[in-house]
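Laid out in structure tokens, this is it:
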């Protein structure tokens, strides 16, 4: 899947920022997306409403 201005897969060092779009193929309804670091520790959690 391709998108304009998609988020790259480069490393983001502490204090740096990265911006772009990501796409998910999800079933309809509420969901929680959890983003983890390489050690599988939670880095961010995004609530998607119904």
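Residue numbers (the numbering used here): 104 to 153.
Note that CB positions come from ideal geometry on N, CA and C, so glycine has one too.
Nothing here was measured: the structure is a model prediction, and the numbers come from that model.
Return the bridge partner residues of residue 148 from the DSSP annotation.
Stepping through the chain shown from its first residue, residue 148 is reached at position 45. BP columns for residue 148 point to 137.
For residue 137 and residue 151, I'd like the C-alpha separation in whole angstroms.
If you number the chain shown from 1, residue 137 lands on position 34. If you number the chain shown from 1, residue 151 lands on position 48. Approximately 11 Å, taken between the alpha carbons.
Does the distance from the C-beta atom of residue 125 to that of residue 144 stay below 8 Å?
Mapped onto the chain shown, residue 125 falls at position 22. Mapped onto the chain shown, residue 144 falls at position 41. No.
Does the distance from the C-beta atom of residue 133 to that of residue 153 stay below 8 Å?
Translated into the one-based positions of the chain shown, residue 133 becomes position 30. Translated into the one-based positions of the chain shown, residue 153 becomes position 50. Yes, the pair counts as a contact, with Cβ atoms nearer than the cut-off.
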